[in-house]
Structures are given as structure tokens and as C-alpha cells.
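There are 2 protein chains.
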Amino acid sequence: MAVNLRVPAPADLHPVAGVELGTARAHIRKPGRRDLLVVRLAAGAASAGVFTRNRFCAAPVQVCREHLAGDGGSRVRALVVNTGCANAGTGQGGLADARATCASLAALMDCQPAQVLPFSTGVILEPLPMDRLTAGLPQALADCRPAGWAEAAEAIMTTDTLPKVVSRRVVIAGASVTVNGIAKGAGMIRPNMATMLGFVATDAAVAPALLARWVREAADASFNRITVDGDTSTNDSLILTASGAGALRIAADSDAGAAELKELITGVARELAQAIIRDGEGATKFITVQVQAARDEAEAGAVAYAIAHSPLVKTAFFASDPNLGRILCAIGYAGIDDLDVNGVDLFLDDVHVATAGGRHPDYREEQGQRVMKQAEITVRVCLNRGQAQTTVWTCDLSHDYVSINADYRS
Amino acid sequence: MAVNLRVPAPADLHPVAGVELGTARAHIRKPGRRDLLVVRLAAGAASAGVFTRNRFCAAPVQVCREHLAGDGGSRVRALVVNTGCANAGTGQGGLADARATCASLAALMDCQPAQVLPFSTGVILEPLPMDRLTAGLPQALADCRPAGWAEAAEAIMTTDTLPKVVSRRVVIAGASVTVNGIAKGAGMIRPNMATMLGFVATDAAVAPALLARWVREAADASFNRITVDGDTSTNDSLILTASGAGALRIAADSDAGAAELKELITGVARELAQAIIRDGEGATKFITVQVQAARDEAEAGAVAYAIAHSPLVKTAFFASDPNLGRILCAIGYAGIDDLDVNGVDLFLDDVHVATAGGRHPDYREEQGQRVMKQAEITVRVCLNRGQAQTTVWTCDLSHDYVSINADYRS
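Which chain is which? The protein sequence lines are A and B, in order. Taking the working numbering, I'd label the letters of the first sequence as residues 1 to 410. Taking the working numbering, I'd label the letters of the second sequence as residues 411 to 820.
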């Protein structure tokens with residue numbers, strides 16, 4: 001059961017001029033489900049991406065990096081995504097499969113293989129079923145249409161219980177601008193660039209160099225701030241496309257509307273990232289961890305992730321049990337060697353839980369109990385030793401997480 | 411259900427001359443169970459300890475460090491341990507409680523408070539029930555006897571399902587030597603010095619400076635090599651006592667029998683550490699993770715702990731599902747930036763699973779399935795880039811881990 005995750009009605013999903021999406025049921029792993037997606041981009045679209053830092057990165061991630069190198073991002077004409085198989089841990093054969101996927105789609109679209117970006121998600125260490133994937137491509141391509149966003153979000157799901165799709169249309173600098181995004185992911189989530197797959201597109205024109213910087217900064221403010229289980233996937237990818245089919249044209253940060261468009265894009269990325277947590281494997285709670293007054297952002301992040309990764313903290317949230325000493329324990333082992341624990345304040349929503357190295361004198365169990373029963377909870381840690389802060393979003397650890405991951409392949 | 415954890419029969423537990431143990435039912439948290447332990451040491455015993463690096467370390471850990479400072483270890487006459495309350499995250503009040511515990515026992519024993527080492531384990535952020543603890547001390551002291559090891563191991567349990575106690579008696583350098591140890595712990599286990607509580611005692615005499623070094627080295631080869639959930643506790647403590655009541659006397663590493671005694675002590679510590687994993691919260695599998703041919707021990711450890719902490723790897727073991735790509739994924743995000751994944755070999759017991767960045771050509775699912783069904787499994791990773799190696803022991807992640815930690819306080 002996802003936590004307060006809203007799936008927009010199809011009528012609320014605006015098309016993005018210059019972007020068409022089509023899906024197919026290719027039986028990559030399971031029969032009958034949409035599992036193949038093609039995104040067709042108009043000529044003139046610019047794309048940029050960020051990818052996992054996992055050294056066992058998937059074959060499609062390696063091919064994406066090659067195809068985006070230099071000014072490759074300005075020539076991309078299509079994205080192709082399969083679910084059911086990650087094409088990771090597949091060696092040279094996997095690389096050949098990812099390249100063959102691009103070549104097959106390029107032949108159908110009459111473009112170059114290097115103008116196609118491939119993505120895969122699913123089980124690691126197993127080869128792609130290339131015959132079935134290739135057979136599905138014409139159908140997905142034929143299905144391409146501007147209104148394909150809802151089916152696209154569905155086609156990339158793995159253990160997701162709900163599709164993640166966000167659509168925003170506003171007026172910026174006098175021009176109507178649309179930003180849409182889809183994402184998938186529920187487990188193996190501790191993105192370290194972004195998560196597989198986030199795809200955000202706008203109809204504005206954005207200069208390629210700017211786009212490349214914006215996608216990194218948007219990832220840092222969204223997908224790089226979430227964790228379900230601390231496992232950085234082999235396939236994390238976030239792609240940002242500016243089709244240029246709309247009226248707004250941005251060449252530099254100082255252009256009219258640049259700041260607004262960047263914030264709009266970042267907001268869509270953040271909502272998608274939070275959607276992944278709301279639908280985290282087995283999630284019953286959506287937890288925001290804020291660490292404030294840290295000496296630098298690195299130590300704020302270390303404390304936030306120590307809390308967000310602790311199985312003991314996460315099971316306490318699952319149980320709605322204010323066993324909050326576990327949070328102090330996680331702060332204590334976060335690796336800040338000179339931390340003065342007497343300076344640490346811990347809050348649960350509006351409740352002041354701990355101060356001066358121990359329980360706050362006014363804290364009462366009932367207060368903690370009240371907050372722990374909520375579906376959305378903010379843990380706020382004030383280190384009182386500097387000006388830096390960070391925020392991380394996570395979920396609880398439930399029986400269903402174990403069930404889902406014990407049964408994933410079966 | 412602990413994994414192949416053997417509890418010795420009382421007849422197999424040798425006494426350690428100079429060491430007496432007594433317990434009481436003090437109703438620290440739950441009525442009717444042994445929850446208070448006093449260990450009385452003969453005059454002349456030397457003790458040394460290693461403690462958690464968690465910054466929110468418990469009040470008793472702070473007091474132990476004070477009492478062992480300088481040559482304090484040569485004057486220790488008693489250890490006092492309570493379960494049910496960790497006395498951690500308890501600020502100045504908790505420190506006063508730990509000191510008062512030492513003072514109360516010292517008054518009963520006619521020694522100084524600084525000659526008592528206090529230990530606590532249980533719930534964090536709650537105050538010690540000092541009245542009940544103090545009331546139990548005379549009973550535990552009166553119960554002290556050389557044959558008290560089994561009850562002592564029982565009295566320090568929290569979520570442990572079985573007591574952990576090891577006893578060895580051998581002849582070294584012509585003298586009979588006994589080394590016994592007890593430990594507790596099942597969750598919040600990723601010791602970063604040692605785990606609460608390990609207590610190892612020998613009747614040999616060991617020079618205090620040597621003892622202090624041996625306890626660190628024994629911890630590094632045992633308690634610092636295990637993880638259940640990656641949570642470094644606030645209360646981890648390992649104490650090594652040499653009573654000197656026996657015939658063997660060791661003043662330096664070069665003395666006859668020194669190497670044998672040190673290995674005996676380390677072996678007892680290792681067996682206790684492994685016992686904690688065998689009885690890890692919800693454990694159904696005992697997993698040995700060996701990382702070999704690493705450039706240095708730090709990177710070997712990083713890879714071993716990435717595997718041993720991955721919830722996805724641990725749930726796959728629970729399910730006996732050879733979803734072994736998850737192990738490659740963990741190796742990939744372990745933080746070795748220049749790792750060539752094509753050089754990595756992965757073995758599951760005798761099965762060669764992965765090589766050259768992908769699945770080994772001879773690997774068959776049935777082979778992985780066969781090993782995954784065992785209760786004891788060795789994961790061996792060969793990085794093929796150096797001479798360093800390390801071994802870490804861990805367990806799987808099961809439904810019972812979630813149940814135990816969702817219900818711990820209730």
C-alpha cells in the first residue's frame with residue numbers, strides 16, 4: 001500500500017510538444033503486461049542524463065554514456081526501455097545486446113543507433129531475451145502518441161504498486177510551458193546519481209550545456225535524496241529532455257524564465273523521487289529526515305542516511321513504536337568523530353524528544369506515540385555546530401519488504 | 411531459531427580460578443527473569459576492555475573507560491551487568507546512575523567504586539530503575555560462585571534466543587590454562603570495537619599492557635567482523651580478564667605459551683562473535699563473506715560489509731533464492747571507484763557464479779539453488795587486484811527480524 005501517492009487522472013496529464021510515447025507487451029519476463037516503452041523525440045530536442053555510480057553499472061547505462069558523450073545529447077531521437085531484465089552483470093554479451101537494441105530501433109526510425117538511448121530494469125545477472133524485445137519494437141513505435149504518458153509510466157514498473165507520473169503546465173515569461181516526468185523504482189533504492197528510470201521532459205528549448213547542469217542539480221535535489229534500502233542500483237538513470245517544440249527558449253541562467261523553469265523541473269523530479277518512497281517496497285510510512293545546523297553538508301548527509309538506513313529505526317516506524325533511542329544511536333554511529341552529543345536536539349514533528357544527551361524533560365511517551373501513528377513523519381535533528389543542512393526521504397521497513405524481496409524472482 | 415548454535419552442557423563449563431559469577435532476578439524490566447549479573451574477580455586479576463565508537467555511547471561505557479584508565483585495569487574487582495535498560499541517551503542522570511551502581515556494589519564488597527566496571531543493555535533513552543537494581547545487588551553477590559557461567563550467560567540476554575558461553579581448557583607451556591567467555595547480542599549488531607557484552611576470562615596471568623593489546627586484537631578478529639543489521643550499538647563492550655590464579659604467567663609476547671594463549675583467547679572471542687550471528691535476530695542462515703585479493707584491508711572490508719549489509723542480499727538468502735546479481739550490485743556500490751568489474755570473481759561455496767563482468771558460462775541455476783538451501787553458506791569474492799583479504803560473518807534478513815524489532819519494547 002503506497003503512502004499518500006496520488007496517481008493523476010489521464011485528463012490531468014498534459015502532452016509535451018515534441019515528445020511521443022508508445023508501449024508494447026513484449027513478454028520480456030511476464031506475459032500480458034506492458035513491458036516495453038519507446039519515447040520518440042522531435043528533431044531539435046536536447047537531452048541530458050545522470051547515471052548510477054555503481055561500478056557494476058548495467059550495459060545500457062554504459063551505452064547511454066557513450067551516446068550522450070560530446071554533443072550526442074542534441075541528436076537523441078528515441079529512448080527505449082524494457083522492464084523484467086536489468087541487463088546488468090551480463091558482461092560483453094550484455095553490451096552487445098544493448099547496442100543491438102539501439103540498432104533495431106534506429107533501423108525502424110531511419111536514424112543512427114547512436115541517436116537511441118537504451119534502458120533496462122529488472123533482474124540482474126540474466127541475459128535480455130533479445131528475440132522478444134526486438135519483436136516488440138515495431139508495436140511500441142506504432143503506438144507512439146503525445147498522450148502516452150500514463151501507459152509509459154505503467155510499462156516501466158517492476159515491484160512498484162502504482163505508476164509514478166507528474167505533469168505541470170504553467171506560464172513562464174509569457175509562454176506556456178509543460179514539464180512532465182515518469183519514474184519507477186521501489187527497492188534497491190539509494191540512488192547515487194539518480195534512479196532507474198526517471199524521465200523528465202519539457203517543451204521549452206534549453207541550451208544543451210545548461211540542460212546538462214540542470215539535470216545534475218535536479219537529481220541532487222530529488223533522486224539523490226531518497227533511500228528505501230540503501231542499495232544503489234546498477235541501472236539508475238535520469239534523463240531530462242527539452243524538446244524545444246514550445247515557445248519558451250532558454251540559452252543561459254540569466255534568461256527571463258530560466259530560474260522558474262529550473263525550479264519547475266526540479267519540483268517534478270522531487271515529486272517523482274518522493275513518489276518512489278511513497279511506493280517503496282512494503283512502505284507504510286513516508287519519513288522526512290532533516291538534519292540541520294551541521295558543520296557541512298557531508299556530515300548532515302551522513303547523519304541523515306544513518307537514520308534513514310537503520311533497520312532498527314525503520315522497523316520502529318513500521319510498528320508505530322516511539323523507540324526513539326534508536327535514532328540517537330544512529331546519530332552516534334554516523335561517523336562524526338568529534339560530535340558533542342550534549343549539543344544534539346531531536347524532534348519528531350513538533351515534539352522535542354531529546355536534548356543535552358538524553359530525553360527532553362518535558363517529553364512524554366504519549367507525544368511520541370501520537371506522531372508515530374501518522375502516515376507521514378518528520379524526524380528533525382539539530383546538531384548545533386554549523387550552518388549546513390540536508391533533507392532525505394525514506395520509508396519504514398515492514399514484513400512486506402521481506403516478502404517482496406524474498407519472492408521477487410519467483 | 412538459532413543456526414547451529416551449540417549451548418554447552420553445564421558439565422562442559424570449566425570454572426576459571428579467580429573468577430566467580432552470581433545472578434539475581436531484579437525485575438529491571440520484566441519480572442521473574444535473571445537480569446542482573448555480578449562477576450567477582452580475585453585480587454591480582456588484570457582486566458582490559460574495548461568499547462563502542464558510537465558517539466552516543468552509554469553512561470556505563472563512559473564510566474568503564476574512566477575506571478580502566480591508567481593502570482585501573484589491574485585493580486578491577488567486579489563487573490556488574492544489567493539487562494532490560496541500556497542506560498544510553500540518558501544524559502547526566504544516566505552517568506550518575508552508573509556511578510551509583512558502582513558505589514553500591516563497592517560498599518557491599520568493601521572496595522572502591524573505581525574498582526567496579528558497570529555494563530547495561532536493553533532499551534535506549536530510558537532511565538535505569540535504580541531502586542530495583544540496587545536491591546538486587548546483595549542477592550547477585552551472595553550467589554557468586556566459580557560454576558556460575560551458564561546462569562551468567564543467561565542473565566545478560568536481551569532478544570537472544572539462546573545463551574552464548576564458551577569454555578576451553580588446555581595445557582600450554584606445561585601449565586593447565588582455562589579460557590571462558592560469555593556474550594550477548596542479536597540485534598543492533600555491527601560492533602565497532604566489540605559487542606555488548608563480551609566477557610572473556612582466563613586464569614593465566616597476563617601483563618596488563620599485553621592484555622590491553624590482546625583484547626583489541628581479539629576484538630578485531632572476532633566481534634569487529636560480524637554484522638546483523640549494521641547498527642553499531644551504544645553499549646558495545648568487550649572485557650578480557652586474566653585472573654592470574656592459574657599457573658601460566660605471561661609477561662611478554664615472546665614468553666613460552668604467549669602465542670598459544672593469545673590464539674586460545676582469540677578463538678573463544680571468535681566463537682562468541684559467531685554465536686551472536688547464529689542467534690542473530692530472525693536468523694535462518696549463517697553467512698561467511700570472504701573478500702580476497704583486495705588492494706588493502708580497507709577495501710576488502712568495504713566490499714564485505716556492502717554485501718553483508720544489503721537488505722536485498724539478505725532477503726535472497728532468507729528465501730534460498732540464488733538471485734546473485736544482488737551480490738554483484740553490492741560489490742559495485744561498495745565505493746571502490748577504480749574497480750574493474752571484469753576482474754571480479756564470485757563464488758558461492760564451491761560454485762563459480764560470476765566472472766568477466768557477468769555470469770560464469772558454466773554456472774547453472776541448480777548449482778546456486780543447491781548452495782542457497784544450506785544453513786551455512788560462504789560467499790567468496792576475489793577482486794584480483796592485490797594481496798589483502800578479510801572475512802565477515804552475517805545472517806539473513808527474515809520476517810522474524812521485522813517482528814522482533816517491531817515488538818521489542820512491547
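Quick reminder that beta carbons are idealized off the backbone N, C-alpha and C, glycines included.
Practice item. At 7 angstroms on the CB atoms, spell out the chain B contacts of Gly-280 of chain A, in chain order. Key: If you number the first sequence from 1, residue 280 of chain A lands on position 280. Here the premise fails: no neighbours, minimum Cβ distance about 12 angstroms.
Point to revise | Alpha carbon of Gly-343 of chain A to alpha carbon of Phe-199 of chain A, nearest angstrom | key: Position 343 of the first sequence, counted from the start, is the residue given in the question as residue 343 of chain A. Position 199 of the first sequence, counted from the start, is the residue given in the question as residue 199 of chain A. Using only the alpha carbons, I get a separation of about 42 angstroms.
Exercise for review: Could you tell me which of A:Ala-302, A:Leu-137, A:Gln-92, A:Tyr-305 sits nearest to Met-109 of chain A, measuring between CA atoms?
Suggested key: Along the first sequence, read from residue 1 onward, the residue named residue 109 of chain A stands at position 109. The shortest Cα separation from Met-109 of chain A among A:Ala-302, A:Leu-137, A:Gln-92, A:Tyr-305 belongs to A:Leu-137.
Practice item. Could you say which of B:Gly-584, B:Val-781, B:Ser-813 lies nearest to Phe-317 of chain A if we only look at CA atoms? Key: To locate residue 317 of chain A, count along the first sequence from 1; it is residue 317. Ranking the options by Cα distance to Phe-317 of chain A, first place goes to B:Ser-813.
Point to revise | Where Gln-522 of chain B falls, given that 16 or more other Cβ within 10 Å makes a residue buried | key: Here the question's residue 522 of chain B lines up with position 112 in the second sequence. By the neighbour-count rule (16 or more Cβ atoms within 10 Å), Gln-522 of chain B is not buried but exposed.
Practice item. Compile a chain-ordered list of the residues in the region 170 to 192 of chain A whose CB is closer than 9 angstroms to at least one CB of chain B. Key: Gly-187, Met-188, Arg-190, Asn-192
**Study point:** Short Cβ contact (8 angstroms threshold) for Leu-105 of chain A with Ala-26 of chain A
**Key:** One-based indexing of the first sequence puts residue 105 of chain A at position 105. One-based indexing of the first sequence puts residue 26 of chain A at position 26. Their beta carbons are not under 8 angstroms apart, which means Leu-105 of chain A does not touch Ala-26 of chain A by this criterion.
Practice item. Within 10 angstroms of the Cβ of Ser-457 of chain B, are there 16 or more other Cβ atoms? Answer buried if so, exposed if not. Key: Within the second sequence, residue 457 of chain B is the residue found at index 47, counting from 1. Buried: at least 16 other Cβ atoms inside 10 Å.
Practice item. Determine the closest residue to Asn-384 of chain A out of A:Val-80, A:Asp-345, A:Thr-391, with distance taken between C-alpha atoms. Key: Here residue 384 of chain A refers to the residue found at position 384 of the first sequence. Ranking the options by Cα distance to Asn-384 of chain A, first place goes to A:Asp-345.
Check your understanding: Apart from the five residues on each side of it in sequence, which residues of its chain come closer than 6 angstroms, Cβ to Cβ, to Glu-430 of chain B?
Key -> The count along the second sequence starts at 1 and reaches residue 430 of chain B at position 20. Taken in chain order, the residues that qualify are Arg-450, Cys-554, Arg-555, Pro-556.
Review point. Pick from A:Ala-293, A:Leu-264, A:Lys-314, A:Asp-255: whose alpha carbon is nearest that of Thr-284 of chain A?
Key: Stepping through the first sequence from its first residue, residue 284 of chain A is reached at position 284. The residue with the shortest Cα to Cα distance from Thr-284 of chain A is A:Lys-314.
Exercise for review: Please confirm if Ala-816 of chain B has its CB atom under 8 angstroms from at least one CB of chain A.
Suggested key: In the second sequence, the residue the question calls residue 816 of chain B occupies position 406. It does; some Cβ of chain A falls within 8 angstroms.
Practice item. Output the residue ranges of the beta strand (DSSP E) runs that lie fully inside the region 736 to 771 of chain B and measure 3 residues or longer, sorted by chain position. Key: 755 to 758, 761 to 765
Check your understanding: Can you tell which of B:Pro-418, B:Ala-508, B:Gly-501 has its C-alpha closest to the C-alpha of Ala-354 of chain A?
Key -> Position 354 of the first sequence, counted from the first residue, corresponds to residue 354 of chain A. Looking at the Cα atoms, B:Gly-501 is the closest of the given residues.
Review point. Does the distance from the CB of Gly-89 of chain A to the CB of Phe-56 of chain A come in under 8 angstroms?
Key: Indexing the first sequence from 1 puts residue 89 of chain A at position 89. Indexing the first sequence from 1 puts residue 56 of chain A at position 56. Going by C-beta atoms, Gly-89 of chain A is nearer than 8 angstroms to Phe-56 of chain A.
Review point. Distance, Cα to Cα, Leu-272 of chain A vs Gln-62 of chain A?
Key: Position 272 of the first sequence, counting from 1, holds the residue named residue 272 of chain A. Position 62 of the first sequence, counting from 1, holds the residue named residue 62 of chain A. Cα to Cα, the separation comes out at about 24 angstroms.
Exercise for review: Just the C-alpha distance for Asp-398 of chain A and Gly-244 of chain A, rounded to the nearest angstrom, thanks.
Suggested key: Counting from one through the first sequence, the residue named residue 398 of chain A turns up at place 398. Counting from one through the first sequence, the residue named residue 244 of chain A turns up at place 244. The sequence given here has Ser at residue 398 of chain A, not Asp. Those two C-alpha atoms are separated by around 44 angstroms.
Check your understanding: Where does Glu-430 of chain B sit, in a helix, a strand or coil, going by DSSP?
Key -> The residue labelled residue 430 of chain B in the question sits at position 20 within the second sequence. Glu-430 of chain B: strand per DSSP, three-state reduction.
Exercise for review: Leaving aside the five residues before and after Phe-119 of chain A along the sequence, list all residues of the same chain whose C-beta is less than 6 angstroms from its C-beta, in chain order.
Suggested key: Locating residue 119 of chain A in the first sequence gives position 119, where the first residue counts as 1. Contacts found: Pro-60, Val-81, Leu-197, Ser-237.
Point to revise | Within chain A, partners of Thr-644 of chain B - CB distance below 7 angstroms | key: To locate residue 644 of chain B, count along the second sequence from 1; it is residue 234. Per Cβ cutoff of 7 angstroms: Cys-329, Gly-332.
Practice item. Please go through the region 480 to 557 of chain B and give each complete alpha helix (DSSP H) segment of 4 or more residues, from N-terminal end onward. Key: 501 to 519, 540 to 552
Point to revise | Integer-rounded CB distance, given that Arg-29 of chain A should sit under 8 angstroms from Gly-73 of chain A | key: In the first sequence, counting from the first residue as 1, residue 73 of chain A sits at position 73. In the first sequence, counting from the first residue as 1, residue 29 of chain A sits at position 29. About 30 angstroms; that fails the 8 angstroms criterion.
Review point. Using the C-alpha atoms, what's the distance from Asp-350 of chain A back to Ala-275 of chain A?
Key: Mapped onto the first sequence, residue 275 of chain A falls at position 275. Mapped onto the first sequence, residue 350 of chain A falls at position 350. Looking at the two C-alpha atoms, the distance is approximately 24 angstroms.
Exercise for review: Could you name the residues of the region 705 to 733 of chain B whose beta carbon sits closer than 8 angstroms to any beta carbon of chain A, in the order they occur along the chain?
Suggested key: His-719, Ser-720, Pro-721, Leu-722, Thr-725, Ala-726, Phe-728, Ala-729, Asp-731, Asn-733
Exercise for review: Mind reading off the beta-carbon distance from Cys-805 of chain B to Gly-690 of chain B? Whole number of angstroms is fine, and I expect it under 8 angstroms.
Suggested key: For the purposes of this step, residue 805 of chain B is identified with residue 395 of the second sequence, where counting begins at 1. For the purposes of this step, residue 690 of chain B is identified with residue 280 of the second sequence, where counting begins at 1. Indeed, because the Cβ distance is near 4 angstroms, the residues count as touching under 8 angstroms.
**Study point:** Contacts of Ala-766 of chain B in chain A (Cβ-Cβ under 7 angstroms)
**Key:** As a working mapping, residue 766 of chain B is identified with position 356 in the second sequence. By Cβ distance, chain A contributes Gly-91.
Review point. At what residues does the beta strand (DSSP E) containing Val-303 of chain A begin and finish?
Key: The residue labelled residue 303 of chain A in the question sits at position 303 within the first sequence. Counting along the chain, Val-303 of chain A falls outside any beta strand (DSSP E), though it belongs to the alpha helix (DSSP H) covering 297 to 309.
Check your understanding: Can you list, in chain order, the residues of the region 769 to 780 of chain B whose Cβ is nearer than 7 angstroms to any Cβ on chain A?
Key -> Arg-769
Review point. Under 8 angstroms between C-beta atoms, does Ser-484 of chain B make it to chain A?
Key: Locating residue 484 of chain B in the second sequence gives position 74, where the first residue counts as 1. Taking Cβ atoms only, chain A never reaches closer than 8 angstroms to Ser-484 of chain B, which makes this a no.
Exercise for review: Taking only the alpha-carbon atoms, compute the straight-line gap between Pro-573 of chain B and Val-417 of chain B and give it to the nearest angstrom.
Suggested key: The sequence position of residue 573 of chain B within the second sequence is 163, counting from 1. The sequence position of residue 417 of chain B within the second sequence is 7, counting from 1. When rounded, the distance between both Cα atoms is 7 angstroms.
Review point. Taking Cβ positions only, does Ile-566 of chain B come closer than 8 angstroms to chain A?
Key: As a position in the second sequence, residue 566 of chain B is number 156, starting the count at 1. With 8 angstroms as the cut-off, Ile-566 of chain B does not count as an interface residue toward chain A.
Point to revise | CA nearest to the CA of Ala-17 of chain A, picked from A:Ala-334, A:Pro-129, A:Leu-240, A:Ala-204 | key: Here the question's residue 17 of chain A lines up with position 17 in the first sequence. Here the closest residue by C-alpha is A:Ala-204.
Point to revise | Ser-643 of chain B in three-state terms, based on DSSP | key: As a working note, residue 643 of chain B is residue 233 in the second sequence. Correct three-state label for Ser-643 of chain B: coil.
Review point. Who are Arg-623 of chain B's beta bridge partners in DSSP?
Key: If you number the second sequence from 1, residue 623 of chain B lands on position 213. Answer by DSSP bridge pairing: none, since Arg-623 of chain B is not bridged.
Review point. How close, in whole Å, do the beta carbons of Val-165 of chain A and Leu-348 of chain A come, if the pair is a contact with beta carbons under 8 angstroms?
Key: Residue 165 of chain A sits at position 165 when you count from the first residue of the first sequence. Residue 348 of chain A sits at position 348 when you count from the first residue of the first sequence. Contact doesn't hold; Cβ gap of about 32 angstroms is too wide.
Check your understanding: Using the C-alpha atoms, what's the distance from Val-526 of chain B back to Gly-267 of chain A?
Key -> Mapped onto the first sequence, residue 267 of chain A falls at position 267. Mapped onto the second sequence, residue 526 of chain B falls at position 116. Each residue's Cα considered, the two are about 58 angstroms apart.
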